[in-house]
Each structure stands twice: as structure tokens, then as C-alpha cells.
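Quick note: the sequence shown uses the numbering used here, first residue 2, plus one each step. Where is the CB? At the ideal position from N, CA and C, for every residue including glycine.
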Amino acid sequence: MKLHQIIENHWQQPNPILRGILSPFSRIFAQIAAKKRQKYLSGSLNMPKLPVPVIVVGNIHAGGTGKTPITSSLVMSFKNKGIKVGIISRGYGRKSKQIHVLNEKSTAEQAGDEPLMLHRQTGVPVAVGAARHATGLALLAVHPDLQLIVSDDGLQHYRLARDVEIAVFPASDLGRDDLDLLPNGGLREPLSRLQDVDFIVISNALSPTNASAFFRLPETPIFSSQIQIGTPYRLHNPSEKWHSASLKQGENCAALAGIARPQRFFKALNDLGIVLQESKILPDHAPLSAHDLPSADHVFITEKDAVKLSPPFAENVWVLPIFAEIQPNLAESVLQKLHFQAA
2 MKLHQIIENH
12 WQQPNPILRG
22 ILSPFSRIFA
32 QIAAKKRQKY
42 LSGSLNMPKL
52 PVPVIVVGNI
62 HAGGTGKTPI
72 TSSLVMSFKN
82 KGIKVGIISR
92 GYGRKSKQIH
102 VLNEKSTAEQ
112 AGDEPLMLHR
122 QTGVPVAVGA
132 ARHATGLALL
142 AVHPDLQLIV
152 SDDGLQHYRL
162 ARDVEIAVFP
172 ASDLGRDDLD
182 LLPNGGLREP
192 LSRLQDVDFI
202 VISNALSPTN
212 ASAFFRLPET
222 PIFSSQIQIG
232 TPYRLHNPSE
242 KWHSASLKQG
252 ENCAALAGIA
262 RPQRFFKALN
272 DLGIVLQESK
282 ILPDHAPLSA
292 HDLPSADHVF
302 ITEKDAVKLS
312 PPFAENVWVL
322 PIFAEIQPNL
332 AESVLQKLHF
342 QAA
């Protein structure tokens with residue numbers, strides 16, 4: 002097992018020996034995070050505002066909270082209300098350091114896998130870049146009619162002025178008293194950071210019951226999101242959907258996932274009645290080519306991995322779509338917070 006896997010397992014099931022080794026480093030990390038936060042609160046950071054409202058959807062965890070599906074769902078809700086909305090993102094894992102406004106020919110190497118997936122899922126303008134304010138300006142330069150910008154991640158990117166903060170928190174961490182900051186735990190900021198956000202979304206939760214008591218935030222609106230599984234579609238022909246007759250007698254199935262929590266993907270396939278002879282795991286955001294795919298009659302991959310593959314696509318590759326269902330209506334609450342009137 003690799004070092005990062007050992008540490009990530011420790012975050013979920015703390016090891017007393019690792020706790021003793023890593024705790025001093027977490028205290029140093031906490032001081033750095035607090036100093037950065039204080040600069041933001043004191044107004045000493047240069048934070049010019051974008052000319053349209055900015056909504057940050059982020060988390061205090063180091064990935065794997067289900068944030069991106071929630072971003073996609075929120076953006077689609079705005080779009081369905083007739084609001085012209087765009088997305089900005091860092092574009093983690095891409096090779097270029099230049100700001101890139103996505104187009105129909107953009108690749109994962111240029112944009113990063115998650116921004117490209119969001120662009121294809123939602124059909125809204127997307128731009129990526131390390132400096133979010135400059136990235137937002139670049140997006141508006143190409144799409145000057147945008148009315149809202151959603152920042153996918155960026156809760157800790159304090160040089161981006163924001164109008165609304167939404168924090169995504171995994172239901173699996175509710176009630177835990179052993180959460181800690183990096184590297185002893187998986188938090189980028191302490192739980193107290195949630196006192197300042199406008200909305201909290203509990204991911205993979207049926208309801209936000211008892212969340213207010215855990216966070217001790219009786220006034221902060223708390224929402225819940227559930228991942229809904231769609232029907233797999235053939236990568237080279239998205240109009241063709243998977244059904245029981247797709248699997249002929251004697252054929253086998255395999256799956257590949259390069260995401261933070263791959264077991265969720267494999268379980269979703271199992272819930273659909275798809276029996277896997279092989280489950281291959283790649284690191285989150287890892288590059289992917291056709292040569293990495295398992296050898297099987299039918300290979301299933303995530304939407305995030307699908308955007309990394311280039312045509313021509315093999316006919317045996319299927320993509321499992323997912324989407325987040327948020328309760329109650331988060332988009333409406335955000336618009337009310339902004340005093341934004343949809344057309």
C-alpha cells in the first residue's frame with residue numbers, strides 16, 4: 002500500500018501511532034490556515050470583485066466529498082431558471098498553467114478532468130486557471146452576458162471575492178470527534194470555518210437531521226444531497242443505453258475508476274446488477290488512455306474518466322452517469338440570498 006493510501010486510511014480509521022507522529026504537523030498546518038484566514042477577515046488581501054455575483058461551492062476536506070455533482074446540480078438549476086451562469090475552476094491535474102476558456106475541442110490536459118466534465122454535463126461556459134479572479138474576467142470577456150459565476154472549489158482561495166459560500170460536508174463524518182487538520186486528518190480548515198459559510202450541504206445524506214446540533218449552527222441553512230445513478234450509455238454512441246440484454250451469455254464485465262472514492266462507483270454498478278470480473282483503480286485525476294482499460298467484453302468507467310479518452314472510442318466502453326439531488330431547493334435559497342430575480 003502506498004504512503005498516501007496509508008494516510009488516507011488513517012483519516013477514516015485513526016491509527017494511534019500515526020496520530021502521535023502527525024499531530025504536531027497538524028498543529029503547524031492549523032496555524033498557517035488560521036493566519037491565511039485572518040488576512041482575509043482583516044481585509045488585507047487584494048480582493049477585487051468580479052462584475053457579477055460569485056458563488057463558491059467548496060469544502061473543508063481534502064477532496065472526496067461529492068462536491069462536483071452538487072456544483073453540476075446547482076448550475077443546472079440556475080440554467081433551467083433561464084439564468085446565464087458560468088463556472089470557474091482551478092483545473093486540477095491539467096498540464097497548462099495558462100487560463101483556458103473551454104470550447105468544444107478542449108481536452109482534459111488543457112482543462113482538467115472535472116471542469117471538462119462539468120462543461121459537457123451542463124453546457125454552460127467554463128474557464129480554468131489558478132488565479133480565480135483573472136479566470137473569471139477571462140470567462141466574462143468571452144461570455145459577457147453571464148449573470149452569475151459559480152466557482153467549483155475555492156473555499157480557501159481567499160483572493161477571490163465571493164458573494165455566497167456553500168460548504169459540502171460528507172454525511173460519513175457527522176458525529177465524529179476525531180476529525181483533524183492535515184496531515185493527521187483530512188481537513189483543510191477546522192470545523193469552526195463552517196460558522197462563516199452561508200449554506201452547508203451534507204453529501205450522501207437522506208436528510209440533514211442532527212447536522213445543526215453537530216455543527217452547533219442553529220441559524221445556518223443545511224441541505225442534503227443524494228447521488229442518483231443514471232443508466233450507463235455506450236461511450237462511442239451515447240444514445241445507446243445499457244439494459245439486461247446488452248450482456249450476452251458468456252460475456253464478462255470489468256470497471257475502471259480514477260476517482261477519490263472508487264468503491265462507490267463499483268457498488269453503483271453492482272446495484273444495477275452488473276457483476277464485475279475485474280475492478281481496476283487509478284489515482285484520482287490520473288491520466289487515462291485506451292491502453293489502461295481492462296480487457297473485457299464490457300468495460301464501465303466514470304464520467305470523470307470518460308472525458309480523458311480521445312476518439313476513436315472502443316465499442317465495448319460504457320459510461321455510468323450520476324447526478325446529485327439536493328433537498329430542499331438550494332438554488333432558490335441562493336438566489337434569495339443574492340436578492341437575484343430570475344427572468
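| query | result |
| --- | --- |
| With a threshold of 6 Å on Cβ separation, who are the neighbours of K82 within its own chain once the five nearest residues in sequence on each side are excluded? | A343 |
| Nearest to D85 by alpha carbon, out of S213, L283, H144 and A255? | Just to set this straight, residue 85 is Lys in the shown sequence, not Asp. Ranking S213, L283, H144 and A255 by Cα distance to K85 puts H144 first. |
| Within the continuous alpha helix (DSSP H) that includes L19, where are the two ends? | P17 to S43 |
| Here's the rule I'm using: 16 or more other beta-carbon atoms within 10 Å means buried, otherwise exposed. How should N60 be labelled? | buried |
| Using only alpha-carbon positions, find the residue among Q122, R121 and P116 that is nearest to A128. | P116 |
| Counting Cβ pairs closer than 8 Å, one from the segment 277 to 288 and one from the segment 245 to 262, do we hit at least three? | yes |
| What does a CB cutoff of less than 6 Å around V318 pick up in its chain, not counting 5 residues either side in sequence? | L236 and V300 |
| Taking the alpha carbon of E9 as the point to measure from, which residue in P49, G64 and S245 has its own alpha carbon closest? | G64 |
| If the criterion is Cβ atoms closer than 9 Å, does the pair L331 and S74 meet it? | yes |
| DSSP three-state call for D153: helix, strand or coil? | strand |
| Would DSSP call Q111 helix, strand or coil? | helix |
| Which residue or residues does DSSP assign as beta-bridge partners of K281? | L257 |
| Kindly give me the distance between the Cβ atoms of K98 and E110, rounded to whole angstroms, as I take these residues to be in contact under 8 Å. | That pair is no contact at about 12 Å. |
| Between the Cα of Q196 and those of S173, S240 and A168, spot the shortest distance and give me the residue it belongs to. | A168 |
| With the cut-off set at 9 Å, would you say I346 and I7 are in Cβ contact? | With the chain running from 2 to 344 in the structure shown, residue 346 is simply not present. |
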